[in-house]
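Peer 1: Got a structure for you, questions after.
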Amino acid sequence: MAATEKFLCYLIMLFQFTSSTCLDTITSNQTFKEGNLLVAKGNEFAFGFFSPGSSTNRYLGIWFHKVSEKSVIWVANRNYPIVGSSGVLSINQNGDLVLYSDPHQKVLVWSANLTVEGSDACVLQLLDSGNLVLLQGTSKRIVWQSFDYPTDTLLPGMRLGLNQKAGLHWMLTSWRSTNDPGSGDYSLVLDTRGSPQFFIYKASRPYCRSTPWPWATFLDIFDYTYVNNQNEIYYSYHLVGTSFITRAVVDHSGFVKWLRWHNNHGQWKTLWTIPENRCDVYANCGASSKCTPSNPDKFECSCLPGYQPKSPRDWHLRDASGGCVRKREDPSLLCGHGEGFVKVENAKLPDTSTAIWVNMNVSRKGCEQECSRNCSCSAYAGIDIVGRARGCLLWYGQLWDTLDHVDERFNLYVRVDAVELAQNERSSNGFLGKELNILTLSIASAWITVFFFAYLWLRRRRKGMKNKSENKVFDPVNGSIYYKNTLAAHELGGNSHPRDITFFDLGTIVAATNHFSSGNKLGKGGFGSVYKGQLINGQEVAVKRLSKSSGQGIEEFKNEVMLIAKLQHRNLVKLLGYYNDKIENLVVDQTRRSVLDWKKRFNIITGIGRGILYLHQDSRLRIIHRDLKSSNILLDAEMNPKISDFGMARILRADQIQEKTNRVVGTYGYMSPEYAVLGNFSVKSDVFSFGVVLLEIVSGKKSNGFKQEDSSFCLIGHVWELWSKDDVLKIVDSSLEGSYPPHEVLRCIQIGLLCVQENAIDRPAMFEVILMLSSETALPSPKKPAFIFIASSSNNNSFGAGEERSSSVNEVTITAFVAR
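Residue numbers for the sequence shown, in mature numbering (1 follows the signal peptide of the UniProt record, and there is no 0): -20 to -1, 1 to 800.
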């Protein structure tokens, strides 16, 4: 029998009357090509060719058909794009799905890699679940399905895990970017070792970890299925009594997001995302430690009971990468010498990949006995399992990635020696416990007398220490402590002020600024004022004078002095020196003002970007400025921009994603929405502020310079309105009088809009911004920004009750473009 007579394979096209051509069947002389569309019977999903984002490459994939925003859920040729519009899908004589980039030369791009046995006809069908299936003949046996080869999206009914019999590994892998669906850096994998858990991997390294099984039903909307037998180990979820359009996606930035489509808003809304905070980053605090995400303004890391920091100095500098070690290293103390267990309540259990299930029906006490029998057992947990009574999970060796005080129902019991156990029991009984009860009244009276005189002595000593601490400056870069005078340094165990910083006397600064005359005043902000000055050697300087009523205090002043003294970059302001005492606090910078043409403005934009990139990526520690605005950009004699005002800057470790604070500081009109509303700040917060500054430089308008009667209530809104009308060049500063390249200005405006997008994940990183500014690569289309900055009186700039907020003031227009 001829090969063409062995198989008769059909591609079933369920009719959907659209602008695309819908085919009914495909035979050996028919193909599925550009312009064809396969739509599921319920009209939920469509299958065809598409180009993602701004890319011109063509891919074959599946997307939500009812959703107005093109949302792709599966891509066949994700790593092998088709250049041009000549892609063709067909079914060959072996029953295999094959995709060619050229129908004439038969250049193979992708195939399902099948050989179908039997002579029945094959049918390709798109199900209402979003699953593309190849069915064989009248038996409708599935010989291939897209659900077995997921890309970056998990739908209800899909599986994550292993099919050992078929050799399938169900996992999600992110796109490379919004314009490239190729396999990216991040993947979501079900780790089936020990107690199953999900891992987000960055390349081959663990990046984030879920809570271990058993998992809870999410919001009473989603329920899950977990199967573990000799053939399959997998997780899947389904919707409970609802018809929501949902999906879980591994974002190209490393976030796993659970999304729901809102028809009324015409966009996807995030129900849940991970990582949510720095504690979600795998092993953020090193071995045998715990991370507490509920303390946004404090160091989140602490050691588990019985452990202490391996490197106390690094720990003091908020570097917990070295983790924790036993307080007493002798292992024999944990075996037959009165050891016990200390409970860590409401914990995300440590990494269970090396843990062991001992018994699926045992009490907590029985679980403790199991751990006690083995001297190598470092911790245990009793876990309630629906339908299986109580399970016992044991850990051996180091404990990794434990979270403390999270919304979990698990308690972790950590093995400690007798000394630690006694100390813990004494602490749990209250201060000094039972010992105070045996003191007689006469002894207590004697102690009260001693305490009274000790209090007087300590009060006097603290007063003296306070005076000395006025001279203390902490260097956040290397952890050193400096003092203004040698006596304080000697008494308090530090060093005199850094050798590379000049300490000016007040008389020199007063003379340079002509007694801080109003004629020398350059600007004013929330901290106080900036004055122009000239030193005796003729050097022009800017002097920052902290106001007594300023929201910025002495700690911010010291923070700025040390940061800008230690950071060296051509686009960061150079510190010449400082003066401080109880009355005056002054910082001295270099500055100049001048008229700016477009070339100079573009160089300033690029220079600011490079300065921010240095802070975010190239300096020793990752620094978030938190108060970037045009009035904090100074210009030197060559019109090179210098970023200034580091009083509100915060330092993050290189592996930190974001930080959270209850004290929001900055300037209205420049703060990103997630920072202004939730207190979450990250490198993307500075990117948002950079975007606002960029638009100010292009337009010559202040961010908050719009009146309430204006159609757009802020600069961002005005630019977006013109962008939507394809008339955005109207925003360009009229003083430039058309003496600018329109394509370059238009590109800058588009970059500015990309930086001020509402969702921080959508904003580019600073290195991407620099690449956009310095190249001609195609740019993605910006999404609608957040319009939350309404220009109004200061009395109306308020936040919700119970939140502490402070703001600096910006009163300098971009056309002057000088220091405050």
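Every residue gets a Cβ at the ideal spot worked out from N, C-alpha and C, and that includes glycine.
Run through DSSP, which three-state label would Gly41 get?
Peer 2: Numbered from its first residue, the sequence shown carries residue 41 at position 61. Three-state result, Gly41: strand.
Peer 1: Nearest to Arg308 by CA position, among Ala146, Lys681 and Val396, is which residue?
Peer 2: Numbered from 1 along the sequence shown, position 328 holds the residue referred to as residue 308. Nearest option by C-alpha distance: Val396.
Peer 1: Using a Cβ-Cβ cut-off of 6 Å (strictly less than) and excluding sequence neighbours within five positions of Ser773, which residues of its own chain qualify?
Peer 2: Locating residue 773 in the sequence shown gives position 793, where the first residue counts as 1. Any reading at Ser773 must be qualified, since the residue scores a pLDDT of 35, below 50, and its modelled position is unreliable; the value itself is stated next. Within the same chain, Ser773 has no close Cβ partners at all.
Peer 1: Using the beta-carbon count (16 or more within 10 Å), is Asn517 buried or exposed?
Peer 2: Looking up residue 517 in the sequence shown gives position 537. With fewer than 16 Cβ atoms within 10 Å of its Cβ, Asn517 is classed as exposed.
Peer 1: Could you name the residues that DSSP lists as bridge partners for Trp578?
Peer 2: The residue given as residue 578 occupies position 598 in the sequence shown. Trp578 pairs with nothing; no bridge assigned.
Peer 1: What are the boundary residues of the beta strand (DSSP E) that includes Trp54?
Peer 2: If you number the sequence shown from 1, residue 54 lands on position 74. Trp54 -> beta strand (DSSP E) spans Val52 to Val55.
Peer 1: Of the choices Glu618, His296, Gly137 and Arg643, whose alpha-carbon is the least far from that of Met628?
Peer 2: Residue numbering aside, residue 628 sits at position 648 when the sequence shown is read from its first letter. For Met628, the closest alpha carbon among the candidates Glu618, His296, Gly137 and Arg643 is that of Arg643.
Peer 1: Compute the Euclidean distance between the alpha carbons of Ile213 and His317, then round it to the nearest angstrom.
Peer 2: As a first step, residue 213 must be located in the sequence shown, where it is residue number 233. As a first step, residue 317 must be located in the sequence shown, where it is residue number 337. Ile213 and His317: Cα-Cα distance of roughly 42 Å.
Peer 1: Would Gln144 and Asn211 qualify as a contact pair, given that the criterion is a beta-carbon distance under 8 Å?
Peer 2: On the sequence shown, residue 144 is found 164 positions in, with the first residue counted as 1. On the sequence shown, residue 211 is found 231 positions in, with the first residue counted as 1. Cβ distance < 8 Å, so Gln144 and Asn211 count as in contact.
Peer 1: Report the start-end ranges of each beta strand (DSSP E) in the region 136 to 203 that is 3 residues or longer and not cut off at the edges.
Peer 2: 140 to 143, 148 to 150, 152 to 157, 160 to 171, 177 to 182 and 185 to 189
Peer 1: With DSSP as the reference, label Ala492 as helix, strand or coil.
Peer 2: To locate residue 492, count along the sequence shown from 1; it is residue 512. In the structure shown, Ala492 sits in a helix (DSSP, three-state: H, G or I).
Peer 1: With burial defined as no fewer than 16 other Cβ atoms inside 10 Å of the residue's Cβ, what is the status of Leu526: buried or exposed?
Peer 2: For the purposes of this step, residue 526 is taken as residue 546 along the sequence shown, with counting starting at 1. Classification of Leu526: buried, given that the 10 Å Cβ count is 16 or more.
Peer 1: Hey, how far is the Cα of Cys188 from the Cα of Lys278?
Peer 2: Position 208 of the sequence shown holds residue 188. Position 298 of the sequence shown holds residue 278. Their Cα atoms are separated by approximately 22 Å.
Peer 1: Would you check if the region 134 to 154 and the region 28 to 38 touch, i.e. whether three or more CB-CB distances between them fall below 8 Å?
Peer 2: no
Peer 1: Thinking just about the alpha-carbon of each residue, which of Arg353, Val123, Ser761 and Gly110 is nearest to the one in Cys102?
Peer 2: Locating residue 102 in the sequence shown gives position 122, counting from the first residue. Cys102 has its Cα closest to that of Val123, out of Arg353, Val123, Ser761 and Gly110.
Peer 1: Please go through the region 231 to 306 and give each complete alpha helix (DSSP H) segment of 4 or more residues, from N-terminal end onward.
Peer 2: If only complete runs of 4 or more residues are kept, the region 231 to 306 shows the alpha helix (DSSP H) at 292 to 296, in order along the chain.
Peer 1: Grouping DSSP H, G and I as helix and E and B as strand, with all else coil, what is Leu374?
Peer 2: Translated into positions along the sequence shown, residue 374 becomes position 394. Residue state, collapsed to three classes: strand.
Peer 1: Considering only DSSP beta bridges, list what Gln514 is partnered with.
Peer 2: The residue given as residue 514 occupies position 534 in the sequence shown. Gln514 pairs with Glu520.
Peer 1: So which of Gly266, Asp310 and Pro311 has the shortest CA-CA distance to Pro289?
Peer 2: Here residue 289 refers to the residue found at position 309 of the sequence shown. Ranking the options by Cα distance to Pro289, first place goes to Gly266.
Peer 1: Among the candidates Trp90, Arg293 and Trp54, whose CA atom is the shortest distance from the CA of Leu134?
Peer 2: To locate residue 134, count along the sequence shown from 1; it is residue 154. Comparing Cα positions, the closest option is Trp54.
Peer 1: Given a cut-off of 8 Å on the beta-carbon distance, is the pair Ile623 and Phe661 in contact?
Peer 2: What you label residue 623 is simply residue 643 of the sequence shown in a count that begins at 1. What you label residue 661 is simply residue 681 of the sequence shown in a count that begins at 1. The answer is no: Cβ separation not under 8 Å.
Peer 1: Between which two residues does the beta strand (DSSP E) harbouring Cys357 extend?
Peer 2: The residue labelled residue 357 in the question sits at position 377 within the sequence shown. Looking at the DSSP string, the run of the beta strand (DSSP E) that includes Cys357 is Cys357 to Asp364.
Peer 1: Kindly say whether Val322, judged by its beta-carbon, lies nearer than 8 Å to any beta-carbon of chain B.
Peer 2: Here chain B cannot be found, since the structure has a single protein chain.
Peer 1: Report the three-state DSSP secondary structure of Lys501 (helix, strand or coil).
Peer 2: The residue given as residue 501 occupies position 521 in the sequence shown. Correct three-state label for Lys501: strand.
Peer 1: Buried or exposed: Leu419, going by 16 or more other Cβ atoms within 10 Å of its Cβ?
Peer 2: Start at 1 with the first residue of the sequence shown, and residue 419 comes out as number 439. Confidence at Leu419 is low in this model, with a pLDDT of 41, below 50, so its placement is unreliable and no value can be given for it.
Peer 1: CA-CA distance, Ile585 and Leu608?
Peer 2: As a first step, residue 585 must be located in the sequence shown, where it is residue number 605. As a first step, residue 608 must be located in the sequence shown, where it is residue number 628. Between Ile585 and Leu608, the C-alpha separation is close to 13 Å.
Peer 1: For Gly718, count neighbouring Cβ atoms within 10 angstroms of its own Cβ and tell me buried if that reaches 16, exposed if not.
Peer 2: To locate residue 718, count along the sequence shown from 1; it is residue 738. When all chains shown are included, Gly718 counts as exposed.
Peer 1: Are Ser683 and Leu695 closer than 8 Å when you measure CB to CB?
Peer 2: Numbered from 1 along the sequence shown, position 703 holds the residue referred to as residue 683. Numbered from 1 along the sequence shown, position 715 holds the residue referred to as residue 695. Contact: yes.
Peer 1: Going by Cα to Cα distance, which pick from Val749, Pro192, Leu401 and Ser754 is closest to Leu172?
Peer 2: Residue 172 sits at position 192 when you count from the first residue of the sequence shown. As written in the sequence, residue 172 is Thr, which differs from the Leu given in the question. When only C-alpha atoms are compared, the closest one is Pro192.
Peer 1: Can you tell me where the beta strand (DSSP E) with Ile729 in it begins and where it stops?
Peer 2: Taking the first residue of the sequence shown as position 1, residue 729 is located at position 749. That residue, Ile729, is in no beta strand (DSSP E); its alpha helix (DSSP H) goes Pro722 to Cys735.
Peer 1: Check Thr586 in the structure and name its three-state DSSP category.
Peer 2: Position 606 of the sequence shown holds residue 586. In this structure, Thr586 counts as helix in the three-state DSSP scheme.
Peer 1: Decide if Lys579 is buried, meaning its Cβ has at least 16 other Cβ atoms within 10 Å, or exposed.
Peer 2: On the sequence shown, residue 579 is found 599 positions in, with the first residue counted as 1. Classification for Lys579: exposed.
Peer 1: Distance check for Gly164 and Ser91, CA to CA, integer angstroms please.
Peer 2: Start at 1 with the first residue of the sequence shown, and residue 91 comes out as number 111. Start at 1 with the first residue of the sequence shown, and residue 164 comes out as number 184. Answer to the nearest angstrom: the Cα atoms are 21 Å apart.
Peer 1: Based on the DSSP secondary-structure assignment, which residues constitute the bridge partners of His549?
Peer 2: Position 569 of the sequence shown, counting from 1, holds the residue named residue 549. DSSP lists no partner for His549.
Peer 1: Would you kindly report the start and end of the unbroken alpha helix (DSSP H) that includes Leu674?
Peer 2: Residue mapping note: residue 674 aligns to position 694 of the sequence shown, counting from 1. Residues Val663 to Ser679.
Peer 1: Can you grab the Cα-Cα spacing for the pair Gly64 / Ala758, in whole Å?
Peer 2: For this step, residue 64 is matched to residue 84 along the sequence shown. For this step, residue 758 is matched to residue 778 along the sequence shown. Gly64 and Ala758: Cα-Cα distance of roughly 17 Å.
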